[in-house]
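K.L.:
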Amino acid sequence: MLINLYVQDAIKGNNVAHSNSSCREIWTEYHEMGWAGIKAVADFKVYTAGSLLDLLHFVAPKMMQRGSAHHSYGIADDLDDPKYMHYKYWSNPLETKLPNAPDMEIYSLYGVGIPTERAYVYKLSPHAECYIPFQIDTSANGGNEESCLRGGVYLVNGDETVPVLSAGYMCAKGWRGKTRFNPSGMKTYVREYDHAPPANLLEGRGTQSGAHVDIMGNFALIEDIIRVAAGATGEDIGSDHAYTDIFKWSERINLRL
336 MLINLYVQDA
346 IKGNNVAHSN
356 SSCREIWTEY
366 HEMGWAGIKA
376 VADFKVYTAG
386 SLLDLLHFVA
396 PKMMQRGSAH
406 HSYGIADDLD
416 DPKYMHYKYW
426 SNPLETKLPN
436 APDMEIYSLY
446 GVGIPTERAY
456 VYKLSPHAEC
466 YIPFQIDTSA
476 NGGNEESCLR
486 GGVYLVNGDE
496 TVPVLSAGYM
506 CAKGWRGKTR
516 FNPSGMKTYV
526 REYDHAPPAN
536 LLEGRGTQSG
546 AHVDIMGNFA
556 LIEDIIRVAA
566 GATGEDIGSD
576 HAYTDIFKWS
586 ERINLRL
């Protein structure tokens, strides 16, 4: 993808920053791209989850090389391949499978009801050498109050940090029933907690909060955790409880299970 946009001297020639620049105390990899490389990135226009990784490898190859040694971001073709025994795959549910434990239950507990960042509109920055050449285009808006595009940021339902689809997909579909990611068919449950901000200062961070961290003080979440820890099953606590269309959205994802 990006390799097709690569031009001669895009990395080492026509550098963004020069040796006599006043901001040489901090040197980042984008300084080595050159304006030709920066323009190539901008000309590609639209980046999906797949092509975004190509972008990051292009913009910051050294950083991505270090990251790739400890984390992986792909989708496994064959989960029985011995390479997936390496620890770098364990944090990716699409490159590892659940243990053979049919009596185990897995719960996805997360907050909803708060606008959460999912995608961005970037533009080339006109600033001088010391500034990062890509910035969020804050002038980009959807045109009406109901639009999910505001100030260059696409917002979706979530807990203010993680979108609903990221939080709930595996328990809603990826691990639901017997799949190649859940070979023993252990039961999975989705429990969503609709956000309600604190009514007064005495509530602290909120007893009904669905925010990413503050949810730890959510009384409904705490009750569910205590009941499960005391021996209740997913069916005992009410099975799935969703405020969003997580199950409908999950069905739209075309992934071999």
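This note's numbering puts the first residue of the sequence shown at 336, with every later residue one more than the last. Think of the CB as a built atom: it goes at the ideal place given N, C-alpha and C, for glycine as much as any other residue.
Going by C-alpha distance, which of LEU444, LEU490, SER443, GLY409 is nearest HIS427?
P.N.:
The residue asked about is misnamed: residue 427 is Asn in this sequence, not His. Comparing Cα-Cα distances from ASN427 to each of LEU444, LEU490, SER443, GLY409, the minimum goes to GLY409.
K.L.:
Going by DSSP, name the residue or residues bridged to PHE469.
P.N.:
LEU459
K.L.:
Can you tell which of HIS421, TRP370, ALA454 has its C-alpha closest to the C-alpha of ILE471?
P.N.:
Taking only the C-alpha atoms, the option nearest ILE471 is ALA454.
K.L.:
List the endpoints of the continuous alpha helix (DSSP H) containing LYS397.
P.N.:
LYS397 -> alpha helix (DSSP H) spans 396-403.
K.L.:
If you follow the beta strand (DSSP E) that LEU592 is in, where does it begin and where does it stop?
P.N.:
First-last for LEU592: undefined, no H or E at that position.
K.L.:
Is it buried or exposed for ILE581, if we count other Cβ within 10 angstroms and need 16 for buried?
P.N.:
buried
K.L.:
Would you mind sorting GLU586 into buried or exposed? The rule is 16 or more other CB atoms within 10 Å of its CB.
P.N.:
exposed
K.L.:
Return yes when the Cβ of PHE469 is within less than 8 Å of the Cβ of LEU459, no when it is not.
P.N.:
yes
K.L.:
How close, in whole Å, do the beta carbons of VAL447 and ASN492 come, if the pair is a contact with beta carbons under 8 Å?
P.N.:
Separation of the CB atoms of VAL447 and ASN492 is rounded to 6 Å, and the pair is thereby assigned contact status at 8 Å.
K.L.:
For SER443, which residues does DSSP report across the bridge?
P.N.:
VAL525
K.L.:
Which stretch, first to last residue, makes up the alpha helix (DSSP H) that contains GLY552?
P.N.:
Neither: GLY552 is in no alpha helix (DSSP H) and is coded neither H nor E.
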